[in-house]
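Residue numbers (this note's numbering): 272 to 402.
Every residue gets a Cβ at the ideal spot worked out from N, C-alpha and C, and that includes glycine.
Right, one structure below, let's go through it.
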Amino acid sequence: MRILTLLFILFAQTALAQGSIKVTNGSGAILRTLDRLSGNVADFKVTNGEIITLGNISVLMKECRYPSQSIDIDAFAYLAISGQETEKVFFEGWMISSSPALSALEHPRYDVWVLKCIPYSKGNFMYQRTF
């Protein structure tokens with residue numbers, strides 16, 4: 272079993288290293304939130320650098336990137352989520368729209384996940400990167 276796991280990791284790393292993904296920075300993201308206590312679901316259009324408040328937590332949208340070939344394929348959003356009174360950091364890192372459970376917020380009341388990036392409008396600067 273250990274050998275199979277090691278082989279899987281080896282082949283997965285090789286496959287990831289071979290392909291490069293061209294990404295484009297968006298101006299922000301659309302985030303979906305769930306209040307587990309009330310059952311309320313809400314979508315927020317958040318620009319880079321903007322903070323939204325959910326009860327006693329703050330969500331800072333730092334950056335959103337998407338595959339250059341199509342904005343609808345995936346979204347990678349860098350978020351910082353912390354408590355307002357305690358300043359405890361509940362989550363800081365990249366959330367991926369196609370794999371929300373991969374990097375999820377650990378909070379007893381709220382769920383936050385990224386739906387998609389918001390592209391810059393025409394005439395605005397677009398930055399592309401290759402990974």
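Own chain, CB closer than 8 Å to GLN340, minus 5 neighbours either side, in chain order = Within the sequence shown, the letter at position 69 stands for residue 340. Answer for GLN340: LYS293, listed in chain order.
CB of ILE323 within 8 Å of CB of SER353, strictly = Your numbering for residue 323 matches position 52 in the sequence shown. Your numbering for residue 353 matches position 82 in the sequence shown. The answer is no: Cβ separation not under 8 Å.
message = On the DSSP bridge list, what partners appear for ARG336?
response = Here residue 336 refers to the residue found at position 65 when the sequence shown is read from its first residue. Answer is ASN296 and PHE347, bridged to ARG336.
task = Check whether the Cβ atoms of VAL383 and THR304 sit closer than 8 Å, and answer yes or no.
result = In the sequence shown, the residue the question calls residue 383 occupies position 112. In the sequence shown, the residue the question calls residue 304 occupies position 33. Contact: yes.
ask   = Just how far apart, CA to CA, sit SER309 and SER291?
value = Your numbering for residue 309 matches position 38 in the sequence shown. Your numbering for residue 291 matches position 20 in the sequence shown. Answer to the nearest angstrom: the Cα atoms are 42 Å apart.
key: Rounded Cβ spacing between ALA351 and TRP365 (contact assumed at less than 8 Å)   = Taking the first residue of the sequence shown as 1, we reach residue 351 at position 80. Taking the first residue of the sequence shown as 1, we reach residue 365 at position 94. That belief does not hold up - the Cβ atoms of ALA351 and TRP365 are roughly 11 Å apart, past 8 Å.
inquiry  = Is it buried or exposed, SER368, if we count other Cβ atoms within 10 angstroms and call 16 or more buried?
reply    = Sequence index remark: in the sequence shown, residue 368 carries index 97 (1-based). SER368 should be labelled buried.
task = Could you spell out where the beta strand (DSSP E) holding GLU377 opens and where it closes?
result = Taking the first residue of the sequence shown as position 1, residue 377 is located at position 106. First-last for GLU377: undefined, no H or E at that position.
task = Would you mind stating whether LYS387 and ALA346 have Cβ atoms separated by less than 8 Å?
result = Mapped onto the sequence shown, residue 387 falls at position 116. Mapped onto the sequence shown, residue 346 falls at position 75. Their beta carbons are under 8 Å apart, which means LYS387 touches ALA346 by this criterion.
ask   = Which residue comes first and which comes last in the beta strand (DSSP E) that contains LYS316?
value = Numbered from its first residue, the sequence shown carries residue 316 at position 45. LYS316 -> beta strand (DSSP E) spans 312–318.
task = Give the C-beta separation of ALA372 and CYS335 to the nearest angstrom, bearing in mind that I take them to be a contact with Cβ-Cβ under 8 Å.
result = To locate residue 372, count along the sequence shown from 1; it is residue 101. To locate residue 335, count along the sequence shown from 1; it is residue 64. For ALA372 against CYS335, the beta-carbon gap comes to about 19 Å, at or over 8 Å, which does not count as contact.
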